[in-house]
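> Chain order of the listed sequences is Z and G. In terms of my numbering, the first sequence is numbered consecutively and its last residue is 264. In terms of my numbering, the second sequence is numbered consecutively and its last residue is 616. All residues carry an ideal CB built from backbone N, CA and C; glycine is no exception. Note that this is a predicted model, so its numbers are computed, not measured. I am attaching a structure below and will ask some questions about it afterwards.
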Amino acid sequence: MDRLIGTRLARFLIPAVFLALMLALWEFAVAAGWLRRLLFPPPSRLIGSAIELASVGVPVGNTLLYNASVTLARILAGFIGALVLAIPLGLLIGSRPLLDRATQPIVGFCRSVATLSLLPLALVWFGIGETSKIFLIGYGCFWVMLSNVIAAVRLVDPVLLNAARTMDIPEHRLFMRVVLPATLPRIAAGARIALGVGFMVIVGAEMIGTVTGLGALIMEARTFYRTDITMIGMLAIGILGLVLTSALARLETRLMPWLPRGNAEAG
Amino acid sequence: MEVANLGMNDRPMRSGAGPAMLAEPMPDAANGGTDPIIRIAGVGKRFASDTQGSEPVLDAIDLTIRDNEFVVLLGRSGCGKTTLLNIVAGLEKATSGSVLVANRPVTGPGGGKGMVFQQNALFPWLTAARNVMFAAQSRGQSKAEAAALAAELLRLVGLDAVGDKYPSELSGGMQQRVAIARALALDPAILLMDEPFGALDELTRNEMQDELLRVWQVRRKTVLFVTHSIWEALMLADRIVVLAPRPGRIVLERSVDQPRPRSRTNPGLLALHEAIWQALQAR
Ligand SMILES: Nc1ncnc2c1ncn2[C@@H]1O[C@H](COP(=O)(O)OP(=O)(O)O)[C@@H](O)[C@H]1O
Ligand SMILES: [Mg+2]
């Protein structure tokens, strides 16, 4: 049995069988009347709804794929925008101790502000259009990313710099030759955390002032008492998150082959 | 006078060694006519941030090391060995005194002072071979030359097959071998080694000592080697210099005249061991 657990097939099969059992239990619990059908639509019903959502698009005629792509586009816009700003800025702040010291409280504070509490402000500043949504995602991603990049520079092992110095690398070239490659793993880890933040923010950001996106779908479904749609929407966000995170992890292993295996998947 | 000086310093100099070197002090005649390559004179060190009392970390250290000599600095932890080595390397500034390497004052790191650090200092994003090439290319070698040199040096330190492995895939002993190869790739005039085997288990450590002596006999270098292990010092050194802490100072200097490879049962070494043991008790 122990030897079985290690195999590749088993690694896939064991959770799959467990999941199937849980779903069967759920189905049975609804059929037996232990759970109310309206509040806990059974898996069989969810499959039907998923097909309905994917083809016709309920409640307002946008298909599931369309909503998912809108959400994905908003997340990527905010996430990539945040990365583009936070990486150079973080590298700069991290390599100037004075700047680092000066900005520490601001970065810590802005990072701790619950992003969605800015929703009313974002609406006032940017209106109810795309900008306010991308701003919120970008805000959440930016500060997480910034503090991670700063920490990455701060944590570069000084012995690596000294080693390069003994090899006649001049001070102004240490950044490109040592600091940058040394910070890459932590920057990548920061990006993964930031992406997670983006996914947390998106649903809230899409709950007001839009009828497109998975967050809007979930909210709309509530007004129609369609708990099944809410669940499908949740599921779709989960899958989107999983796909994006593992794509990022794969990119990481590709870009940084020196990292011990499993490092990227862990965080 | 100047002509004599030039004659006695007739060793290959790195670029930048102009006629100014003629004005540097004469080599010490007491060293049997061999050039002193490192001259540590009255070096003291006090850290601004130091909280441990008023005694300096190093106080008036005088030490002259001949070309190709293998000198071991021995002392309990915290007695300033790393600090002294960093000062010689140019990574740290002395508060007082001066260090000359090849008759030129040390003003900074680089310039042919190879260093093997106490902790793993390989670049984790480069393979073993690339780490060695980094050093070779930093002194102007082409990529092809550097690759050839890296292969040669990795073979020299007993690592033929792991050139394309990353440091994280190597054992501690292998990492330090790569670090030694990397330092040698600088073709340094002097090799500074800070407890390079300190993190290794005793068996690996003994093997590495043998390896190092073998490498040292192939590529003659001046070595300044730091350790807190008496036996490591006895196995490796031409000369052992014992430091005592606070103020960091030299309390004993002994030449080890036994031929290598040395045996731990050698009565001469046992007597030396006892003398060093006594000296190490100094506070
Ligand atoms: N950067 C520093 N700032 C303040 N004190 C230091 C610093 N580096 C070393 N010291 C102190 O100098 C003493 C000698 O340190 P070190 O040279 O590392 O000793 P060793 O290598 O012999 O163990 C220790 O007491 C240590 O606390
Ligand atoms: Mg030390």
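Give a yes or no on whether the C-beta atoms belonging to VAL194 of chain Z and GLY212 of chain Z are separated by under 7 Å.
No. Outside cutoff.
> Should VAL404 of chain G be listed as close to ligand 1, given that the test is whether its C-beta is under 6 Å from any heavy atom?
Checking every heavy atom of ligand 1 against the Cβ of VAL404 of chain G, none is found closer than 6 Å.
> Does ligand 2 have a heavy atom nearer than 6 Å to the CB of GLN451 of chain G?
GLN451 of chain G Cβ: within cutoff of ligand 2.
> Using 6 Å as the cut-off, classify the Cβ of THR415 of chain G as near or not near the heavy atoms of ligand 2, replying yes or no.
At least one heavy atom of ligand 2 is nearer than 6 Å to the Cβ of THR415 of chain G, so yes.
> Starting from the beta carbon of ALA381 of chain G, find every residue of chain Z whose beta carbon is closer than 9 Å, and list them in chain order.
Those do not exist, as ALA381 of chain G stays about 15 Å from chain Z at its closest Cβ, beyond 9 Å.
> The alpha helix (DSSP H) with SER129 of chain Z in it runs from where to where?
First-last of the alpha helix (DSSP H) with SER129 of chain Z: 127 to 151.
> In terms of alpha-carbon separation, which member of G:LEU602, G:LEU557, G:SER504, G:LEU546 lies closest to ASP527 of chain G?
Comparing Cα-Cα distances from ASP527 of chain G to each of G:LEU602, G:LEU557, G:SER504, G:LEU546, the minimum goes to G:LEU557.
> Nearest-angstrom Cα distance between GLU49 of chain Z and ILE125 of chain Z?
So the two alpha carbons sit approximately 29 Å from each other.
> Is any non-hydrogen atom of ligand 1 found closer than 6 Å to the C-beta of PHE558 of chain G, if you look at the structure I gave you?
Every heavy atom of ligand 1 is 6 Å or more from the Cβ of PHE558 of chain G, so no.
> Please return the same chain residues whose Cβ sits closer than 8 Å to the Cβ of ALA17 of chain Z, not counting the five positions on each side in sequence.
None.
> Taking the DSSP output, what are the residues bridged to ASP497 of chain G?
DSSP lists no partner for ASP497 of chain G.
> Using the C-alpha atoms, what's the distance from LEU171 of chain Z back to LEU459 of chain G?
So the two alpha carbons sit approximately 15 Å from each other.
> Quick one: Cα of ASP520 of chain G to Cα of GLY447 of chain G, how far?
The straight-line gap from Cα to Cα measures roughly 8 Å.
> Around the Cβ of LYS554 of chain G, are there at least 16 other Cβ atoms within 10 angstroms (buried) or fewer (exposed)?
It is buried - the Cβ of LYS554 of chain G has at least 16 other Cβ atoms within 10 Å.
> Is VAL589 of chain G helix, strand or coil by DSSP?
Coil, per DSSP.
> Expressed to the nearest angstrom, what Euclidean distance is found between the alpha-carbon atoms of ASP590 of chain G and GLY413 of chain G?
Between ASP590 of chain G and GLY413 of chain G, the C-alpha separation is close to 26 Å.
> Using a Cβ cut-off of 7 Å (strictly closer), state whether VAL198 of chain Z contacts chain G.
With 7 Å as the cut-off, VAL198 of chain Z does not count as an interface residue toward chain G.
> Could I get the ranges of all uninterrupted alpha helix (DSSP H) runs contained in the stretch 56 to 131 of chain Z, with 4 residues as the minimum, in chain order?
If we require 4 residues or more, the alpha helix (DSSP H) runs fully inside the stretch 56 to 131 of chain Z come out as 61 to 92, 94 to 109, 116 to 123.
> At the level of alpha carbons, what is the spacing between GLU168 of chain Z and GLY441 of chain G?
Between GLU168 of chain Z and GLY441 of chain G, the C-alpha separation is close to 11 Å.
> Three-state secondary structure (DSSP) at PHE37 of chain Z?
Reduced to three states, the DSSP call for PHE37 of chain Z is coil.
> Starting from SER429 of chain G and walking both ways along the beta strand (DSSP E), at which residues does that stretch end?
That run of the beta strand (DSSP E) goes 429 to 434.
> Between the alpha carbons of TYR499 of chain G and LEU89 of chain Z, how many angstroms are there, rounded?
Each residue's alpha carbon lies about 29 Å from the other.
> With DSSP as the reference, label ALA21 of chain Z as helix, strand or coil.
Helix at ALA21 of chain Z.
> In its own chain, which residues sit with a C-beta less than 7 Å from the C-beta of ASP395 of chain G, not counting the 5 before and 5 after it?
The answer, listed in chain order, is ILE373, ALA374, GLY375.
> Under the three-state reduction of DSSP, which class applies to ARG399 of chain G: helix, strand or coil?
Correct three-state label for ARG399 of chain G: strand.
> Are the CB atoms of ALA179 of chain Z and VAL153 of chain Z within a distance shorter than 7 Å?
Yes.
> Should PHE380 of chain G be listed as close to ligand 1, given that the test is whether its C-beta is under 6 Å from any heavy atom?
True, at least one ligand heavy atom lies under 6 Å from that Cβ.
> Going by C-alpha to C-alpha distance, which of Z:ARG8, Z:PHE15, Z:ASN64, Z:GLY30 sits closest to ILE229 of chain Z?
Of the candidates Z:ARG8, Z:PHE15, Z:ASN64, Z:GLY30, the one whose C-alpha sits nearest the C-alpha of ILE229 of chain Z is Z:ASN64.
> Around the Cβ of LEU61 of chain Z, are there at least 16 other Cβ atoms within 10 angstroms (buried) or fewer (exposed)?
Burial call: buried.
> Under 7 Å, do ARG389 of chain G and ARG399 of chain G count as touching if we go by C-beta distance?
According to the sequence as given, residue 389 of chain G is Pro; it is not Arg. In this structure, ARG399 of chain G does not lie closer than 7 Å to PRO389 of chain G by Cβ.
> Just to confirm, are GLN550 of chain G and PRO529 of chain G a CB contact at a threshold of 7 Å?
Result no, Cβ atoms of GLN550 of chain G and PRO529 of chain G do not sit closer than 7 Å.
> What do you reckon, is the C-beta of THR411 of chain G under 6 Å from a heavy atom of ligand 1?
Note on residue identity: the sequence assigns Gly, not Thr, to residue 411 of chain G. It does: the Cβ of GLY411 of chain G is within 6 Å (strictly closer) of some heavy atom of ligand 1.
> Please indicate yes or no: does the CB of VAL421 of chain G lie closer than 6 Å to some heavy atom of ligand 1?
No, ligand 1 has no heavy atom inside 6 Å of this Cβ.
> Any idea what DSSP makes of ASP534 of chain G, helix, strand or coil?
In this structure, ASP534 of chain G counts as coil in the three-state DSSP scheme.
> By how many angstroms is the C-alpha of MET142 of chain Z removed from the C-alpha of ALA188 of chain Z?
C-alpha separation (whole angstroms): 6 Å.
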